[in-house]
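Chemist: So the sequences go chain by chain: A and B. If you use my numbering, the first sequence corresponds to residues 1 to 234, in order. If you use my numbering, the second sequence corresponds to residues 1001 to 1367, in order. Let me give you the structure first, and then I'll get to my questions.
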Amino acid sequence: MDDFSNDSLALITTLKMAGVTTLFLLLIGTPLAWALAKMKSRFKVVVEAIVALPLVLPPTVLGFYLLLAFSPQSLPGKLWQQATGQQLAFSFSAIVIGSILYSLPFVVQPLQRAFEQLGEDILEAGAVLGAGPIDRFIHLVLPMTKASFITAASLGFAHTVGEFGVVLMIGGNIPGETRVLSIALFDHVEAFNYGQAHLLAAGLIIASLILLSLIYLINHQPAANKSSLRGNKQ
Amino acid sequence: MNMLSIDINCQQNDFSLSITKDLQLSGILGVLGHSGSGKTTLLKTIAGLKTQAIGKLTFNNIVLMNSELNTFIPCEQRQISLVFQEGRLFPHLNVLENLNFAHKRCQSPSLNLTEIIELTEISHLINKKVTEISGGEKQRVALARAILAEPKLLLLDEPLSALDQNSKTALIQLLKKVHSQLSIPMIYVSHNIDEIQQLADDLLVLKSGKVFHYGPVHQVIHQLNNSGLIPQQTSLCLPILSTDEQHGLHRLQVTDQQIILLPTENTNLSQDNKSVRCFIFASDISLAVQEPSQSSIINQLKAQILAITTDKHQTLVTLQCGKHNFFASISLFSLERLQLQQNQWVFMQFKAGAVRTLKGETRVNNG
């Protein structure tokens, strides 16, 4: 295969990994962020610190422990193999799990802030009008925190696309399975293939720039909505 | 008859609410108290928004809460609606969508959305964003929204406190209208005695989380005259005999022979009002032993002294005129000079302008 089709495959793998990861992040991150926003226990700070760990740790640290956990000799790896018949380490599933953990704070934190800002007032108003907890979440919380969900999903997606260390540690470099853009770029540089490296690097910069601009655009729009919420409280 | 039976304790930091009372909700129940007296905590407990309260709460024989049996009906299933101080309209929905939110969730809707919109006079607002409407309009929408949930009990938590005087007067009229047309039992919480005097049939007074007084509104206001909680006053509900348009005065019947004159500009009564609620500050009533003549003070009533209580240099005289009690505050000096005694007949004097309905101010337009 030539460099171009190799890189296309890496791009598809990357998008697939980021997409699946973002979906799981929203499914896991939303209830986690909700629980953290409502939590009054003193263990809240501990949970918050654990969620925030990937922000400060070198990705290789997380990757190292995940590699140990995913190996067929360890319990999680063994259970996975029994359940799916496949090895977990060096698989697409492994890099998705790694990415979920690595990008968790990027989804949980904006959602938690949004839920905290929303406060109890609006939810109480919903409850006295006969709306139950799920009804309130779908018809009050979701529309009022829509911008934060878009931010969280975009940040989670973008951060997953940009990940290198974790994938390198637990994914290896299997084309079509775990070879993602950042790794393909690394390969090109190692092979002094700077032309192709430029293509990937500049492409990633431009794509990230566009995505981030879109996030900021969305976040500037509902500013009017947020201030109106405050105005309503006066 | 709607019966709300309360036996609750709610501990919150250094404040505790402890109430055991059976409340008959025949009309509007006013709840009066200073901030920190537990008014809002009581309302939230009734609505089901305070989960930490312990004890028992039943409404019309339905157990809303019984901590001994671990029974707790969640707020959304209680069919008790609450109008908050700040309205709490949903900012992502427009006015009509806010109303529909409640209407759609009503279990067995019997009210017509359009009729409630007309009743609460918000037809011109329904397509507006909630950020585009004024404070008074927001509270109208919040009231309409709460009504459309078709609650068995409607709670109002200081809904007028953020409004200017004209909006207050208008909303009080609206609340009276809503209550007379839909006859939903209501509990109206306020720290403002004027609002409660206008609206409530019964009054529950809270002090430091406990019941201080409970009874018919005028009676309780009179009991409060010696408490320092409110300005000393006479609270009355009097039938309107006639209106003197030329002089701008309503004639209110006190006894068969005696009337009080009330300036029409102090009120904003509609045609169908047959009686008026008013109050007179004790400091606005003076006493004379002999019938005064040739005075500009047009209200003069003959009354008998029931009681005299003295506090330092001020004296509160309780008088009876017909079946009504009146309260006059005079100086100790006057008391001694006039040698007033219990059972003595005297003449009460007060200006027409001293007969108040809502704090002095009048409405700009009579619409």
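Even glycine gets a Cβ: it sits at the ideal position worked out from N, Cα and C. From a predicted model like this one, the values you see are computed outputs, not experimental measurements.
Can you find a CB in chain A that lies within less than 8 Å of the CB of residue 1081 of chain B?
Modeler: Taking the second sequence and counting its residues from 1, one reaches residue 1081 of chain B at position 81. Yes, because at least one Cβ of chain A sits closer than 8 Å to the Cβ of residue 1081 of chain B.
Chemist: Assign residue 1299 of chain B to buried or exposed, taking buried as 16 or more other Cβ atoms, counted over all protein chains shown, within 10 Å of its Cβ.
Modeler: As a first step, residue 1299 of chain B must be located in the second sequence, where it is residue number 299. With 16 or more Cβ atoms within 10 Å of its Cβ, residue 1299 of chain B is classed as buried.
Chemist: For residue 63 of chain A, which three-state DSSP category applies?
Modeler: Counting from 1 along the first sequence, the entry for residue 63 of chain A is found at position 63. In the three-state scheme derived from DSSP, where H, G and I count as helix and E and B as strand, residue 63 of chain A is classed as helix.
Chemist: Could you spell out the range, first to last residue, of the alpha helix (DSSP H) harbouring residue 1165 of chain B?
Modeler: In the second sequence, residue 1165 of chain B corresponds to position 165, counting from 1. Residues 1165–1182.
Chemist: Candidates B/1157, B/1192, B/1120 and B/1212: which alpha carbon is nearest residue 1231 of chain B's?
Modeler: By 1-based counting over the second sequence, the position of residue 1231 of chain B is 231. The shortest C-alpha separation from residue 1231 of chain B is found at B/1192.
Chemist: DSSP three-state label for residue 152 of chain A, please.
Modeler: As a working mapping, residue 152 of chain A is identified with position 152 in the first sequence. Here residue 152 of chain A sits in helix by DSSP.
Chemist: Could you tell me which uninterrupted alpha helix (DSSP H) segments, each at least 4 residues in length, are contained entirely in the stretch 1032–1075 of chain B, listed from first to last along the chain?
Modeler: Here the runs fully enclosed are 1039–1047.
Chemist: Which residue wins for smallest C-alpha separation from residue 1342 of chain B, given the options B/1171, B/1349, B/1289 and B/1127?
Modeler: Position 342 of the second sequence holds residue 1342 of chain B. Measuring from the Cα of residue 1342 of chain B, the nearest candidate turns out to be B/1289.
Chemist: For chain B, check one thing: does any of its Cβ atoms lie closer than 8 Å to the Cβ of residue 225 of chain A?
Modeler: Numbered from its first residue, the first sequence carries residue 225 of chain A at position 225. At residue 225 of chain A the pLDDT is 46, less than 50, meaning the model places this residue with poor confidence and gives no usable figure here.
Chemist: Count the other CB atoms, across all protein chains shown, that sit within 10 Å of the CB of residue 1274 of chain B; report buried if there are 16 or more and exposed otherwise.
Modeler: Numbered from its first residue, the second sequence carries residue 1274 of chain B at position 274. Residue 1274 of chain B should be labelled exposed.
Chemist: Pull up the distance between the alpha-carbon of residue 1077 of chain B and that of residue 1203 of chain B, whole angstroms please.
Modeler: Taking the second sequence and counting its residues from 1, the one referred to as residue 1077 of chain B is at position 77. Taking the second sequence and counting its residues from 1, the one referred to as residue 1203 of chain B is at position 203. Approximately 27 Å, taken between the alpha carbons.
Chemist: Would you verify that the beta carbon of residue 1075 of chain B is, or is not, closer than 8 Å to some beta carbon of chain A?
Modeler: For the purposes of this step, residue 1075 of chain B is identified with residue 75 of the second sequence, where counting begins at 1. Closer than 8 Å: yes.
Chemist: Determine the chain A residues that contact residue 1106 of chain B at a beta-carbon separation under 8 Å, and present them in chain order.
Modeler: To locate residue 1106 of chain B, count along the second sequence from 1; it is residue 106. Near residue 1106 of chain B (Cβ distances below 8 Å), the residues of chain A are 130.
Chemist: Answer with yes or no whether the minimum CB distance from residue 1029 of chain B to chain A is below 8 Å.
Modeler: Counted from its first residue, the second sequence places residue 1029 of chain B at position 29. Closer than 8 Å: no.
Chemist: Note down, in chain order, every chain A residue with its Cβ under 7 Å from the Cβ of residue 1088 of chain B.
Modeler: Here residue 1088 of chain B refers to the residue found at position 88 of the second sequence. Annotation: Cβ neighbours of residue 1088 of chain B in chain A (cutoff 7 Å, chain order): 121, 122 and 125.
Chemist: Would you please verify whether the beta carbon of residue 1049 of chain B is less than 8 Å from any beta carbon of chain A?
Modeler: Residue mapping note: residue 1049 of chain B aligns to position 49 of the second sequence, counting from 1. Chain A, which has a Cβ nearer than 8 Å to the Cβ of residue 1049 of chain B, makes this yes.
Chemist: Roughly how many angstroms separate the alpha carbons of residue 1228 of chain B and residue 109 of chain A, rounded to a whole number?
Modeler: As a first step, residue 1228 of chain B must be located in the second sequence, where it is residue number 228. As a first step, residue 109 of chain A must be located in the first sequence, where it is residue number 109. Their backbone Cα atoms lie some 51 Å apart in a straight line.
Chemist: Pop quiz: residue 1190 of chain B and residue 1027 of chain B are said to be a contact at Cβ under 8 Å. What is the actual Cβ separation, rounded to whole angstroms?
Modeler: Residue numbering aside, residue 1190 of chain B sits at position 190 when the second sequence is read from its first letter. Residue numbering aside, residue 1027 of chain B sits at position 27 when the second sequence is read from its first letter. Not confirmed; about 16 Å, so no contact.
Chemist: Kindly give me the distance between the Cβ atoms of residue 1088 of chain B and residue 121 of chain A, rounded to whole angstroms, as I take these residues to be in contact under 8 Å.
Modeler: The residue labelled residue 1088 of chain B in the question sits at position 88 within the second sequence. The residue labelled residue 121 of chain A in the question sits at position 121 within the first sequence. Confirmed, Cβ separation roughly 6 Å.
Chemist: Give the straight-line distance between the Cα atoms of residue 213 of chain A and residue 111 of chain A, rounded to the nearest whole angstrom.
Modeler: Residue mapping note: residue 213 of chain A aligns to position 213 of the first sequence, counting from 1. Residue mapping note: residue 111 of chain A aligns to position 111 of the first sequence, counting from 1. Whole-angstrom Cα-Cα distance: 19 Å.
Chemist: Mind listing the chain B neighbours of residue 144 of chain A? Cutoff is C-beta to C-beta under 9 Å, in chain order.
Modeler: Translated into positions along the first sequence, residue 144 of chain A becomes position 144. Within 9 Å Cβ-Cβ: 1090, 1091 and 1092.
Chemist: Quick one: residues in its chain with C-beta nearer than 7 Å to the C-beta of residue 52 of chain A, no 5 flanking neighbours on either side, listed in chain order?
Modeler: To locate residue 52 of chain A, count along the first sequence from 1; it is residue 52. Only residues of its own chain outside the window of five on either side were considered, and among them 105 have a CB closer than 7 Å to the CB of residue 52 of chain A, listed in chain order.
Chemist: Could you pull out every unbroken alpha helix (DSSP H) segment of at least 4 residues lying fully inside the stretch 1093–1133 of chain B, listed in chain order?
Modeler: 1095–1105 and 1113–1119
Chemist: Among residues of its own chain, excluding the 5 on either side of residue 1159 of chain B, which ones have a beta-carbon nearer than 6 Å to its beta-carbon?
Modeler: Here residue 1159 of chain B is taken as the residue at index 159 of the second sequence, counted from 1. These residues qualify, in order along the chain: 1083 and 1139.
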